[in-house]
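Note that the sequence shown covers residues 0 to 177 in this note's numbering.
We treat Cβ as the ideally placed atom computed from N, Cα and C, and that holds for glycine.
One structure is given here, and the rest of the page talks about it.
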Amino acid sequence: MTWINAILEQYTAIDSQSLDEREYYGPYNTLLAHLFPYDDYFQVVPIYRGPISPGSIELSTMYIVQKRGCPVFFLEIKPGAHLENAYARWKADEQMREGFRGLIDQLKDFVQRLYGVSVIGTRFSVYSYEKASTMLSPYSIPQNPTILNDRAPVNRWRYDLLEESGEAKIKEVVAEAK
């Protein structure tokens with residue numbers, strides 16, 4: 000099981016140490032359109048948000064996959080260079096949680112679980128929200144009042160899209176989201 004060349008080539012052309020997340024927008028848009036085809040009534044909708052924090056000029060893009068006007072999946076992108084930065088991972092985790100808060104009121108009856116994927120380069124972490132229980136996983140790690148703890152450990156982004164296990168995982172999540 001491997002991605003088609005039209006998808007692989009887009010990712011291999013990116014400098015993995017780039018700090019510009021926009022380099023990933025095209026490849027992820029292509030991937031989402033491949034995984035969620037329009038003839039199955041899916042739409043990939045980019046949402047531009049920003050600034051990320053007060054005083055920041057940095058913008059963020061979230062890709063929402065909708066079916067008949069209802070979100071079923073979303074994806075947040077950060078550049079690969081952010082993977083080794085604990086603060087950047089924590090901000091990525093926070094953005095995912097904000098994404099869920101912004102989408103859960105839009106869920107229709109046919110969506111019992113909303114999936115979100117945080118990507119840092121080609122590494123990714125899977126999040127899910129259970130509508131019935133209102134549970135969001137993975138759990139949020141609270142700030143320790145006396146030490147600087149890692150609130151978004153690097154192992155949360157354990158899957159790599161370009162590896163066989165990562166491809167299998169993203170396809171499994173997409174199948175469940177559909």
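Asked: Complete runs of the alpha helix (DSSP H) confined to the segment 121 to 177 [at least 4 residues]; Found: 163 to 176
Asked: For GLN65, the first and last residue of its enclosing beta strand (DSSP E); Found: 59 to 66
Asked: ARG48: first and last residue of the uninterrupted beta strand (DSSP E) it sits in; Found: 41 to 48
Asked: Which of helix, strand or coil DSSP assigns to LYS107; Found: coil
Asked: Beta carbon of PRO152 nearer than 8 Å to that of GLN105; Found: no
Asked: At least three beta-carbon pairs within less than 8 Å, the segment 64 to 79 to the segment 89 to 106; Found: yes
Asked: Environment of ARG21 [buried if 16+ CB atoms lie within 10 Å]; Found: exposed
Asked: Residue(s) in a DSSP beta bridge with LYS191; Found: What the structure shows of the chain is the stretch from 0 to 177, and residue 191 is not part of that stretch, so it cannot be assessed.
Asked: LEU147 versus VAL110 - alpha carbon distance; Found: 38 Å
Asked: Closest residue to SER117 among ALA167, ILE103, GLU93 (Cα-Cα distance); Found: GLU93
Asked: Opening and closing residue of the alpha helix (DSSP H) in which GLY99 lies; Found: Strictly speaking, residue 99 in this sequence is Phe, with Gly absent from that position. Element bounds for PHE99: 85 to 102.
Asked: Paired residues, beta bridge with PHE72 - DSSP; Found: VAL64, TYR114
Asked: Distance between ASN143 and GLY120 (C-alpha atoms, nearest Å); Found: 28 Å
Asked: THR133 to ASN84 span [Cα, whole Å]; Found: 30 Å
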